[in-house]
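Engineer:
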Amino acid sequence: MERSESPHLFSGSTLDSYTSGVWHASALLADRVKAVRQPYSGAAVADLQDQVDAVDLDRPLGDTGAALHEVARLYLDNAVWFHEPTYVAHLNCPVAIPALSAEVLISAVNSSVDTWDQSTAGTLIERRLIDWTAGRIGFGPGADGIFTSGGTQSNLQALLLAREETLAALDDRSAIPRLRIFATTESHFSVSKSAGILGMAAGAVVGVATDGAGRMDTAALAAAIEEVRRDGDVPMAVVATAGTTDLGRIDPVAEIAAICESQGIWFHVDAAYGCGLLVSQRRRHLLDGIERADSVTVDFHKSYFQPVSSSAIVVRRGETMRRIAVHADYLNPRAATVPNQVDKSLQTTRRFDALKLWMTLRTMGAEQIGDMFDAVVDRAHDAYLLIGDDQDFEALAAPTLSTVLFRYRPAGMDVAECDELMPKLRQRLFYGGRAIVAGTTVGGHYWLKFTLLNPNTTVGNLRDVLDLIREIGREMTGERDAATAVMA
Ligand SMILES: *Cc1c(COP(=O)(O)O)cnc(C)c1O
Numbered sequence: 001m002e003r004s005e006s007p008h009l010f011s012g013s014t015l016d017s018y019t020s021g022v023w024h025a026s027a028l029l030a031d032r033v034k035a036v037r038q039p040y041s042g043a044a045v046a047d048l049q050d051q052v053d054a055v056d057l058d059r060p061l062g063d064t065g066a067a068l069h070e071v072a073r074l075y076l077d078n079a080v081w082f083h084e085p086t087y088v089a090h091l092n093c094p095v096a097i098p099a100l101s102a103e104v105l106i107s108a109v110n111s112s113v114d115t116w117d118q119s120t121a122g123t124l125i126e127r128r129l130i131d132w133t134a135g136r137i138g139f140g141p142g143a144d145g146i147f148t149s150g151g152t153q154s155n156l157q158a159l160l161l162a163r164e165e166t167l168a169a170l171d172d173r174s175a176i177p178r179l180r181i182f183a184t185t186e187s188h189f190s191v192s193k194s195a196g197i198l199g200m201a202a203g204a205v206v207g208v209a210t211d212g213a214g215r216m217d218t219a220a221l222a223a224a225i226e227e228v229r230r231d232g233d234v235p236m237a238v239v240a241t242a243g244t245t246d247l248g249r250i251d252p253v254a255e256i257a258a259i260c261e262s263q264g265i266w267f268h269v270d271a272a273y274g275c276g277l278l279v280s281q282r283r284r285h286l287l288d289g290i291e292r293a294d295s296v297t298v299d300f301h302k303s304y305f306q307p308v309s310s311s312a313i314v315v316r317r318g319e320t321m322r323r324i325a326v327h328a329d330y331l332n333p334r335a336a337t338v339p340n341q342v343d344k345s346l347q348t349t350r351r352f353d354a355l356k357l358w359m360t361l362r363t364m365g366a367e368q369i370g371d372m373f374d375a376v377v378d379r380a381h382d383a384y385l386l387i388g389d390d391q392d393f394e395a396l397a398a399p400t401l402s403t404v405l406f407r408y409r410p411a412g413m414d415v416a417e418c419d420e421l422m423p424k425l426r427q428r429l430f431y432g433g434r435a436i437v438a439g440t441t442v443g444g445h446y447w448l449k450f451t452l453l454n455p456n457t458t459v460g461n462l463r464d465v466l467d468l469i470r471e472i473g474r475e476m477t478g479e480r481d482a483a484t485a486v487m488a
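For the sequence shown, the UniProt record's numbering assigns the number 1 to the initial residue and increments by one for each residue that follows.
(1) Pull the bridge partners of residue 491 from the DSSP assignment, please.
(2) For A411, which option in L386, W132, W81 and R470 has the closest C-alpha, if you only look at C-alpha atoms?
(3) Can T86 and N461 be called in contact, C-beta distance under 7 Å?
(4) State the Cα-Cα distance for the pair E226 and W266, rounded to the nearest angstrom.
(5) Is the region 272-285 in contact with the region 203-220, if contact means three or more CB pairs nearer than 8 Å?
(6) Look up S311 in the DSSP assignment and say whether it is helix, strand or coil.
(7) Does the beta-carbon distance from S311 to G145 come in below 7 Å?
(8) If I measure Cβ to Cβ from M1 and keep anything under 7 Å in the same chain, skipping five residues before and after, which residues do I get?
(9) Here's the rule I'm using: 16 or more other beta-carbon atoms within 10 Å means buried, otherwise exposed. How should Y330 be labelled?
(10) Do L29 and L68 have their beta-carbon atoms positioned less than 7 Å apart in this structure?
(11) Going by DSSP in three states, M216 sits in which element: helix, strand or coil?
(12) Output yes or no for whether 7 Å exceeds the beta carbon distance between G142 and G432.
(13) What would DSSP say about D343, mapped onto helix, strand or coil?
(14) Does any heavy atom of ligand 1 sit closer than 6 Å to the C-beta of D343?
(15) Considering just the uninterrupted stretch of the alpha helix (DSSP H) at R480, what are its terminal residues?
(16) Taking 6 Å as the cut-off, is the CB of Y273 close to at least one heavy atom of ligand 1?
(17) Under 6 Å from any heavy atom of ligand 1, does the C-beta of residue 489 make it?
(18) Assess contact between the region 342-351 and the region 183-194, defined as three or more Cβ pairs (one per stretch) separated by less than 8 Å. Is contact present?
(19) Looking at C-alpha atoms only, which residue of V326, D299 and I324 is the closest neighbour of I313?
(20) Find out if the Cβ-Cβ distance for the pair A336, H90 is shorter than 7 Å.
(21) Starting from the Cα of I256, find the closest Cα among T245, V269 and T244 and give me that residue.
(22) Out of N454, A485 and A488, point me to the one whose CA is closest to P94's CA.
(23) Taking only three categories from DSSP, how would you classify S11?
(24) Expressed to the nearest angstrom, what Euclidean distance is found between the alpha-carbon atoms of N78 and A240?
(25) Within a Cβ cutoff of 8 Å, which residues of the same chain sit near P39, ignoring the five residues on either side of it in sequence?
(26) Distance check for Q306 and L357, CA to CA, integer angstroms please.
(27) In terms of alpha-carbon separation, which member of G122, D114, L76 and A158 lies closest to S194?
(28) In the structure shown, what three-state DSSP assignment does M1 receive?
(29) Rounding to the nearest angstrom, what Cα-Cα distance links R409 and E394 in this structure?
(30) Given D246, which residues of its chain have a CB within under 6 Å of its CB, disregarding the five upstream and five downstream residues?
(31) Just to check, is the beta-carbon of D270 closer than 6 Å to a non-hydrogen atom of ligand 1?
(32) Quick one: what does DSSP say F373 is sitting in, helix, strand or coil?
(33) Going by CA-CA distance only, name the one from R127, S11 and C275 that's closest to A108.
(34) What are the uninterrupted segments assigned as beta strand (DSSP E) that are 3 or more residues long and contained completely in the region 153-222, given in chain order?
(35) Would you mind listing the alpha helix (DSSP H) stretches within the region 15-76 that are 4+ residues and don't spill past its ends, in chain order?
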């Protein structure tokens, strides 16, 4: 008797089912997105929890179409839409359509770019993109790198390489507790997280002071390095951030490079956010000196309009990656004559995310990506002026990239009152669904944050968001005053 094939497994004989499944999904999505008028439905956690809990996972629907309709209700109806112009909260971008086409291929072919025999041309495509990115950074032909799941993993890997280089130079693996990383408090929290994962001491990340604008103070860096050495500890890496998550500040990369070169310290640049500048026609100079880094983190899923995940770590001296190579007979034996990317990755099975960027570059080209990134930086400057012109609002500082920190603080509201109101206001705005902004604290005070990564967001949209915030702010202060009046 012949075995019957599952109609649900992708193969040459299930292509009708495949094309209808993919078509159905995209049609359903298009149908939903057509009706989207705001970034969020406003659904409460408890409501969504009930709906998700009500699904019996042990009773399949048997049909992709039916499952899709269920998912449309559970997920799409309450998704947060980053393409909506009043979504201005976190570092999420609207995505490039060529990359979405690539996603269709990536997931169906299901290549794994760990070894050559699971990916072939995929490996070569990934390597070309690493070379391309290295070229944009200004690295020479010795550069190398690997795609990762995100900036967090890229930073971890960079610091792992720094640790291994430092330990090799010391020829003493017992030195790990004495290793130190230098970064400002504005640096991404994945730096401290990495230090923990790498087995470093609790105080291993030395906080370097910033100048008034939130950029690393290089005199303070030099002093901190000296102090660490005086204490008998070992400088392992300096992390400069090119685009801090909150203020978008860029540490003085060239000056820090000079210090690292003279001191023989690994220099990592976290450009998870600022990497969009690599393709900017107007602001590339803001990254001058990045070509002197030992390693660079880039997040294509932030500033290149790529779907999650798409990130890379790129290193100036490719040979520094060899220290993490581990060989398994079944996968990548030492004597392999083909390129096995797994030697350079913290992951084993790994998505062929590189194809998304490839498709984007081949369709749109780097200039268009750079222009879109420039457009959102321009928009942040517009937002800053808009806020400055409005008596009910104040901005913390002029933007460097595409974030603006601000708060609603009409005449007569003191700072303590404002600090208390802002997080609640942000929450109410979120559950209203019409606009989403982020929030953060700076120097103990709470600020709202616009993060602009959508070139379709207009000044008019931003004005609408401010008006909405004002409306909610007035409503909340009104409620509070009424409550105090009742109590009195
Ligand atoms: C977002 C971000 C990261 C982390 O990247 P993920 O892709 O979210 O893991 C690291 N550094 C900076 C500066 C970031 O903005």
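Cβ atoms here follow ideal geometry from the backbone N, Cα and C, with glycine treated the same way.
Structural biologist: Well, looking at it:
(1) The first residue shown for the chain is 1 and the last is 488, placing residue 491 beyond what the model contains.
(2) R470
(3) yes
(4) 15 Å
(5) no
(6) strand
(7) no
(8) In this prediction, M1 has a pLDDT of 49, which is less than 50 and means its spatial position is unreliable; what the coordinates show is noted afterwards. Excluding residues within five positions, none has a Cβ falling inside 7 Å.
(9) exposed
(10) no
(11) strand
(12) no
(13) helix
(14) no
(15) V459 to M487
(16) yes
(17) The structure shown has nothing for residue 489, since the chain only spans 1 to 488.
(18) no
(19) D299
(20) no
(21) V269
(22) N454
(23) coil
(24) 37 Å
(25) V80, W81, F82, E84, T86, Y87, G433, R434, A435 and I436
(26) 7 Å
(27) A158
(28) Legend: pLDDT at M1 = 49, less than 50; position of this residue unreliable, no value from coordinates given.
(29) 7 Å
(30) T440
(31) yes
(32) helix
(33) S11
(34) 179-184 and 205-208
(35) 15-35, 45-53 and 64-74
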